[in-house]
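A.B. asks: Below is one structure. I have some questions about it.
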Amino acid sequence: MILIHCPYCDDIRPELEFAYAGEAHIARPADPSALSDAEWEKYLFIRANPRGRHNERWRHVHGCGRFFNAVRDTVTDKFELTYKAGEPRK
Amino acid sequence: MTRFSAFSLFAKALGGHQSWPELWPDAQPKAEYDAIIVGAGGHGLGAAYYLAKKYGITNVAVIEKGWLGGGNTGRNTTIVRSNYLYDESAHLYDHAVKLWDGLSQELNFNVMYSKRGVMMLAHNVHDVQSFQRHIHANRLNGVDNEWLTPEEAKEYCPPLDLNPNARYPIMGAALQRRGGTARHDSVAWGYARAAAALGVDIIQNCAVTGIRRGADGAIEGVETERGFIKSKKVGVSAAGNTSVIMQMAGLEFPLESYPLQALVSEPVKPVFPCVVMSNTVHAYISQSDKGELVIGAGTDQYVSYSQRGALHIVEHTVAAICEIFPMFRRMRMLRNWGGIVDVTPDRSPILGKTPVKGLYVNCGWGTGGFKATPGAGDLLAYTMAKDEPHWINAPYNLDRFRNGRLIDEAAAAAVAH
Amino acid sequence: MSAHRIANACRLNGAATVNFTFDGKPYQGKAGDSLASALLANGVVLMGRSFKYHRPRGLLGAGAEEPNALVSVDRGGGRFTPNLRATAVEIHEGLDARSQNRWPSLETDFGSINDRLGRFFPAGFYNKTFMWPRSFWEKLYEPSIRRMAGLGDAPSDPDPDVYDATYAHCDVLIVGAGPAGIDAALAASASKKKVFLIDEQDELGGGALADPALWGWLAESLKDLARLPNVTLLPRTTAFGYYHDNFIGAVERLTDHLPDPGHQAREKLWRIRAGEVVLAQGAIERPLVFEGNDVPGVMLAGAARTYLHRFGVAVGSRVALMATHDSGWKDLFALARAGVGVAVIVDLRESVDPALLAEAAELGLRVELGSAVIGVSGRLAVTGIEIARADGSGRHKLACDAVLMAGGWTPSVHLWSHSLGKLEWSEEWGAYLPGKANENVRCVGACGGNWSFGSGVHVGQLPTPKNPALLKAFVDFQNDVTAKDIALAIREGMKSVEHIKRYTTNGMATDQGKTSNLNALQLASSALDRPVQAIGLTTFRPPYTPQTFGALAGHAKDALFQPTRKSPIDSWAEAQGAVFEPVAQWRRARYFPRTGEDMHAAVNRECLAVREGVGIFDASTLGKIEVVGPDAAEFLNRMYTNPWKQLEPGRCRYGLLLREDGFITDDGVSARMAPDRFHLTTTTGGAARVLNMMEDYLQTEWPDLNVWLTSTTEQYAVIALQGPKTREVIAPLVEGIDLSSDAFPHMAVREGTICGVPTRLFRVSFTGELGFEINVPAAYGLHVWKQVWEAGQAHGITPYGTETMHVLRAEKGFIIVGQDTDGTVTPYDAGLDWAVGKKKPDFVGKRSLARPDIVASGRKQLVGLLTDDPNEVLIEGAQIVADPKQAIPMTMIGHVTSSYWSATLGRSIAMALVAGGFDRMGETLHIPSASGKTHTAKVVKPMFYDAEGSRLNG
Amino acid sequence: MADAAVRTAPVPAEAAEFPGVSIALGAPLARWSLRARDPKALAKAIGHKVPGTIGETLGGMACLGPDEWLLRLPEGASIPLGEGLPLSVVDISERAVTLVLDGDRAIDALSAGCPRDLSKFPVGYATRTIFETVEIVLIRESETRWSVDVWRSFAPYLWTALTTAASHLR
Ligand SMILES: Cc1cc2nc3c(=O)[nH]c(=O)nc-3n(C[C@H](O)[C@H](O)[C@H](O)COP(=O)(O)OP(=O)(O)OC[C@H]3O[C@@H](n4cnc5c(N)ncnc54)[C@H](O)[C@@H]3O)c2cc1C
Ligand SMILES: NC(=O)c1ccc[n+]([C@@H]2O[C@H](COP(=O)([O-])OP(=O)(O)OC[C@H]3O[C@@H](n4cnc5c(N)ncnc54)[C@H](O)[C@@H]3O)[C@@H](O)[C@H]2O)c1
Ligand SMILES: Cc1cc2nc3c(=O)[nH]c(=O)nc-3n(C[C@H](O)[C@H](O)[C@H](O)COP(=O)(O)O)c2cc1C
Ligand SMILES: [Zn+2]
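Residue numbers (this note's numbering), protein chains in the order written: chain V, 6 to 95; chain L, 115 to 531; chain Z, 24 to 977; chain F, 806 to 975.
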């Protein structure tokens, strides 16, 4: 059970309070209808899934309730940092 | 290849087992192959074997970054079944189950395929509806799967607890009698040995580090830890690591890799005759021929390549097993490990061509590809040999994520494995 | 007491006598004895049979590493546990321990035929045989293999014990209370830090327990530690796994050592988060690989010392030592000084520390250097050894009744490895030592290589003049892996240590290679002629020693397995004899049978009661979300397929929710309570999922919207009243609301009171009848329900359950998400295009509805089915074909999603997803059943009752 | 509101007593979930002081998230709904019940299933967290007294879990 720093609570909390929410910075297109099928596919399904540094989302669901972003190494599972939703990719 | 038999075992025993040949030689990479398979799991080794055996392409290398069979093939709970709902899935998995039957003889290597039956427990009305749907679809597809009353289920699997006051009482079960288990490691070894005997080079401890494409975009070969190896056909069968390799070819994939854990108990005398799965309680169990209870459940929640997971997943898995089988509460966990499974958005595999000429892929089997091993190998071989998919794997293309023709077994039934 | 007890040098002097049995035979031991020491004290050497060859086995060790002496313990009443290490079983009055994996008895075991035939069962034998004739595999070969395998029997009765669990936090967690761990605890406790010191043994002290010189220090130290409020001592507690971020799993054994386990928890799971971890797990001695090294009586030298000093037991009366390491000499000296007879000291080394020789001489012990034991005589117990010089010369035999092995020490880096700490090969130890840490952890004492046991040499196998192909020299004792198995594996191309492990099963037994892994590595190293470091090491995995499922599951048993959520009305339904069904975590009343009724009779009666009079239904479990804020309507407009902005306060709307991939995920009727306030409902199972999905969009896609979501599922009890007499029933109870049809039309909501309780009263209907849903604060739900029930008596009010609800809604063709849709169904497929806001530029899932396969023809569409025989009720899930004559595999064009007997209509009805279904109206389709009979049915619109909806508006 | 006598609760009315800890159903409360971007605007709208940092409590109000507060007042209290304002006031009085744990060992009973280090909670600290799989709002009311708000249908589970854990305390 990993420990996660919630940038809103500014506190380190156990994984059980959190829900993983997939890759970060995949913004919903402003006008989906204008997208080609391939572009829409990319938004819906294509994921970086890197070995190493991963920008990802978590939700402090059993805490402050907020979604936020994190950089975590997928090989060591260690967090590099967490930051609030809406902040630029780090 | 020395033929294995009780007689050869007897003869070699008298000679103190001194003259057994290597099951597969340790090959050194050649400069060029007609086809390269990346990943020496069951699927990749199977593909190499069928390329040589069925399609006459013997100048083949299987390139493995670690030791062959050390990926998910060597760490799965070995459940084999084909009672999937959709036609596409039933065809795919049943193709494999048909190959499982007779595989030991075909490979001259006992993979211990054991048709002991896979039973899925229904704990609520929704389960019953969903299982009936499967059973009917399976029957009309020629795949065996039958409905059992709770009493019939208990007769087939005596350790079942029919207590009506259980948190999730057993309302019946679906049984696929042809389903069962096979010995994970033996499958890899059997294919490796048979492929090597047909001339396939198995190159271990040699990670693929790059994929070289020519000016026309087509595949030219792979970069490895031991240098460049040329080939116009490269099949990637690297399970959890597929995204990483595809990125080497400049392709982005609809995949995420998650840890999936499993555990075994200490070995005990035969107590558990079949495989039992419960999606509602969320766990599955069988007993290996060696006597351990082999137990698994769902993935950990976050993307990871670390091959280990969290304790709370184990707590929930074991609690679920003890809920259905209260007599196992005093059994003890002997070992717990993790693998990395590659999951697609519709939980079905991707098996076929890629946008890059000469690059083929077999991935996305997620938590349930062991059962498909012979089939996936055969179909990847077919696709590589003919440069077009077999009709069975044609639906498992990449296009479906664009056009919406998903094969979503999980959505249909919330069933995994 | 017995000839094997040594009087004075023992920690158990004066301990009480304890009676126990082994294989039914009564014995006596002392309080504080392990089963192993107590049996040894009684002269019992034979304690088990090995896994594969059923070879007779005695003790190898004295602790967690024991591979041989495994027993089953039966405490009666379902308390049966197999595969316990005799070294870890504390004896108590009445202990009933049994040997296992033998038949008919430990002494005479028919299974040992395998041993005779052992040469035909080399590593991997099962891969090479049992293939012909093919049918024999299932009937004969596999069952026999299975029967031969396994160790003890599995427990067969439900376990009556309960298990405890907790989380715990400390600044410093010390694993292992040997001298190193105790020192670390004393040092850490000097600060204000919260310190946990845990040890798997019943007595703290580790190696110090076997060293009388340390007893004084030990007693003092433990007294000091026990006095400190910031130190928690946890004996009988095994740290079994080291997980991410200094999270350690440990199990404390609470009752197995007590004569009467009582009702307290048997074991306790400790989930410990530590600031810093100190691993002081000690080191495990390595056996030596030579022929006969498994005969009962051949054991680790350190273990013999433990039996001597800790338990006061002599492991033999004429003991031989086979050493490649100094520490074994010390152990033997200890035995000799305690009066145990010594046969010989054999050491492979040509020369050893002169001090050792001097001490041996002083004690008058015979020493043979540059030599090795090459054979052991005796089958059920050691009777002698054969010795030869390293070059094979000078073979001779000596009588003895115990052989000690001293092959050097292996630091216990198990937990260190779980934590992904790096390992480094130490030539001096001939073992891996901790290298770079991956967590805030360090190893101390023997575990970290910081203890001097003396020096030694490390050999895979002792030299022998015998034919290596015929040797039975064991590496993994429990799994019967011999040195030649490892050689064979390598010869067959298994050159990776992982392949060797899996091919031979070395290290895969219940001891997980604690004594065998390094010897196997050494053997592989010499066979492959590569340095040990180049071979690698198999992965250490949790648990350190096997841990009980019950403890791992912790509290999660029976009522605590998973919450059973009950509505405020549940107790009433139970009292009425309702039959329940689980829906997500809830339990819901499915039907209310009267005496003699089965489900169908009850449901028929309930259905008619609703259609003809009035029914009462508990809808409390439906998910509810309060959406509040100036942008509430805008938000819902983006989420749902329907338009929301024009909905007037006081009115309701059916809402359809898609996932972004265009498939239906949830639905429900929602109401606008005020311009900036909505009361949403979701399906029972979808409540959490929908709220999470909405939060996700709100927080990450549209953070600019001023709207907030609050779950109100449990704020309200929801009492649905359906049927033509509904209004009459509630009218006298309601205040502040005009119930007339004009003032309060279908799909409207009003606020007022009912039975004096504030309510949000919905006029909605999932049955097609006039209906109201009374939302009241949950604590008053039962009160209101009972009042309504009373008021309804005059009107024949009937409680109904989910099954009746399903029938009634199906008669009206209303879908159940998850039953009539399955995650691959679009609104168009479900015939819900009317619920899709065509003019809306966007909503969640809209873009996906334009994908090629979604707009293609031939998609499965939701239709009604009427069987030609009105009395046939199709099976839900049955598959539909167009051509019933087709051979298998048949082309399936759809399946039955819902199917019921409709008492109202006096016939069966069904809904189905059928390819191109909308264009098949009137067509006859075929439904082949499992029995072989094929049903026929006509495709109709999924609306079987009151198509005009006149009843609804009554 | 209706007569208190007609209320029902999902757990026993009598406290469960164990050495070192008692576990009891708390008195009925008026509860609101309050949401707003601007705490000051919220304070103004409802006429209550609003604590500014997550975890803080002030006058019955606990800050649970950057824009979320839980207000607990005696039964029968009422506050404005803030209609039309950019904030959200939702009555959740009966969504949860309160279990009150009192005694030296209360912290141990709670630690049985809560993964947080409760010894680090100052008096007055409030947080949403989890007990095994069940979400709770935990408030340390004094050194030894803890208030646990849990959704009504999860209360029987939590009650059984806490009383079981308390019965195992040694
Ligand atoms: C715990 C667990 C339980 C499971 N239970 C079941 C079950 O009961 N039933 C079932 O059907 N399925 C199950 N599965 C899934 C199943 O194991 C897999 O789907 C299947 O084994 C995949 O086989 P494979 O040959 O494709 O992959 P693998 O066996 O993983 O082989 C892929 C190989 O590619 C190699 N590789 C990766 N990257 C590179 C590179 N760059 N260069 C060279 N080589 C590379 C890897 O080292 C690996 O050996 C389970 C999986 C896990 C983890
Ligand atoms: N035999 C000899 O000749 C000789 C020579 C020198 C020292 N020693 C002994 O070597 C020892 C070295 O001291 P040390 O403190 O490093 O080791 P130790 O062996 O004394 O203590 C290790 C302790 O850790 C416990 N332990 C191991 N794994 C555990 C786990 N996962 N969970 C809970 N407990 C666990 C063991 O039960 C043991 O009590 C000394 O006790 C000393 O007496 C022996
Ligand atoms: C079906 C099956 C049965 C297993 N049985 C055992 C066993 O009896 N003993 C054991 O130590 N490990 C057993 N394992 C686990 C392996 O030792 C190992 O943990 C697993 O293959 C993953 O490899 P790793 O732990 O080296 O990463 C088994 C694995 C599988 C898939
Ligand atoms: Zn937070």
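Cβ coordinates follow ideal geometry from the N, Cα and C atoms, glycine included.
1. Could you check what DSSP says for Leu-744/Z in three-state terms: helix, strand or coil?
2. Give me, in chain order, the residues of the same chain whose beta-carbon lies closer than 8 Å to that of Lys-589/Z; leave out the 5 immediate sequence neighbours on both sides.
3. Under a three-way DSSP split, which group does Ala-530/L fall into?
4. Using a Cβ-Cβ cutoff of less than 7 Å, which residues in the same chain neighbour Thr-40/Z once the five nearest sequence positions on both sides are dropped?
5. Rounded to the nearest angstrom, what separates Val-602/Z and Ser-519/Z at their Cα positions?
6. With a cut-off of 6 Å, give the chain-ordered residues whose Cβ is closer than this to any heavy atom of ligand 4.
7. Residues of chain Z with a CB under 9 Å from the CB of Glu-266/L: which are they?
8. Could you give the distance in angstroms between the alpha-carbon of Asp-119/Z and the alpha-carbon of Ser-922/Z?
9. What in chain Z is Cβ-close to Arg-26/V, meaning under 8 Å?
10. Please report whether the beta-carbon of Lys-869/Z lies at a distance below 9 Å from any beta-carbon of chain V.
11. Consider the C-beta atom of Ser-402/L and the heavy atoms of ligand 3; say whether any pair is separated by less than 8 Å.
12. Is the segment 10-19 of chain V close to the segment 76-88 of chain V, with three or more CB pairs under 8 Å?
13. Identify which residue in Ala-832/F, Ala-966/F, Glu-948/F and Pro-833/F has its Cα closest to the Cα of Asp-909/F.
14. Could you tell me the alpha carbon to alpha carbon distance between Lys-168/L and Glu-502/L, rounded to whole angstroms?
15. For Asp-78/V, tell me which candidate among Arg-444/L, Gly-452/L and Tyr-416/L has the shortest Cα-Cα distance.
16. Name the DSSP bridge partner or partners of Asn-265/Z?
17. Extract the residue ranges of the beta strand (DSSP E) inside the segment 630-688 of chain Z, only unbroken runs of 3 or more that lie entirely within it.
18. Please confirm whether Gly-472/L and Ala-210/L have their CB atoms less than 9 Å apart.
19. Looking only at C-alpha atoms, which of Ala-532/Z, Thr-849/Z, Ala-233/Z and Glu-597/Z sits nearest to Gly-173/Z?
20. Note down, one range per segment and in chain order, each alpha helix (DSSP H) of at least 4 residues found wholly within the segment 767-838 of chain Z.
21. Glu-290/Z: which of Val-185/Z, Lys-216/Z, Leu-311/Z and Val-195/Z sits nearest, CA to CA?
22. How is Cys-470/Z classed by DSSP in three states: helix, strand or coil?
23. Where DSSP assigns a beta bridge to Glu-202/L, which residues make up the other side?
24. Could you name each continuous beta strand (DSSP E) segment of 3 residues or more that falls completely within the segment 41-127 of chain Z, going from the start of the chain to the end?
25. In whole angstroms, what separates the C-alpha of Thr-562/Z from that of Ser-440/Z?
26. Could you tell me if Trp-126/Z is buried or exposed, where buried requires 16 or more neighbouring beta carbons within 10 angstroms of its beta carbon?
27. Report the residue ranges of all alpha helix (DSSP H) runs contained in full by the segment 409-471 of chain Z; include only those spanning at least 4 residues, in chain order.
28. Quick one: residues in its chain with C-beta nearer than 6 Å to the C-beta of Val-390/Z, no 5 flanking neighbours on either side, listed in chain order?
29. Is the beta carbon of Ala-490/L within less than 8 Å of some heavy atom of ligand 1?
30. Could you name the residues of the segment 766-800 of chain Z whose beta carbon sits closer than 8 Å to any beta carbon of chain F, in the order they occur along the chain?
31. Counting pairs of beta carbons, one from the segment 224-234 of chain Z and one from the segment 321-337 of chain Z, are three or more of them closer than 8 Å?
32. So Asn-476/L is in the beta strand (DSSP E); what residue range does that whole segment cover?
33. In angstroms with no decimal places, state the Cα-to-Cα distance between Met-806/F and Val-780/Z.
34. The alpha helix (DSSP H) with Tyr-305/L in it runs from where to where?
C.D. replies: Looking at the coordinates:
1. strand
2. Trp-609 and Arg-610
3. For Ala-530/L, the pLDDT reaches just 37, beneath the cut-off of 50, and the residue's location in the model is therefore unreliable, although a value from the coordinates is still provided. Residue state, collapsed to three classes: coil.
4. Gln-51 and Lys-53
5. 59 Å
6. Cys-11/V, Tyr-13/V, Cys-14/V, His-65/V, Gly-68/V, Cys-69/V and Arg-71/V
7. Going along chain Z, no residue has its Cβ under 9 Å from Glu-266/L, so there is no contact; the nearest lies around 14 Å.
8. 58 Å
9. Per the sequence presented here, residue 26/V reads as Ala, with Arg not at that position. Chain Z residues near Ala-26/V: Asp-719.
10. yes
11. yes
12. yes
13. Glu-948/F
14. 16 Å
15. Tyr-416/L
16. First, the residue type needs correcting, since residue 265/Z is Tyr and not Asn in the sequence shown. Ile-271/Z, per the DSSP bridge assignment.
17. 638-641, 646-651 and 675-681
18. no
19. Ala-532/Z
20. 804-815 and 825-834
21. Val-185/Z
22. helix
23. Answer by DSSP bridge pairing: none, since Glu-202/L is not bridged.
24. 48-53, 93-97, 103-108 and 118-122
25. 8 Å
26. exposed
27. 437-441
28. Ile-368 and Ala-383
29. yes
30. Cys-778, Gly-779, Val-780, Pro-781 and Pro-800
31. yes
32. 473-477
33. Residue placement at Met-806/F is flagged as unreliable, the pLDDT there being 49, under the threshold of 50; a coordinate-derived value is accordingly withheld.
34. 298-311
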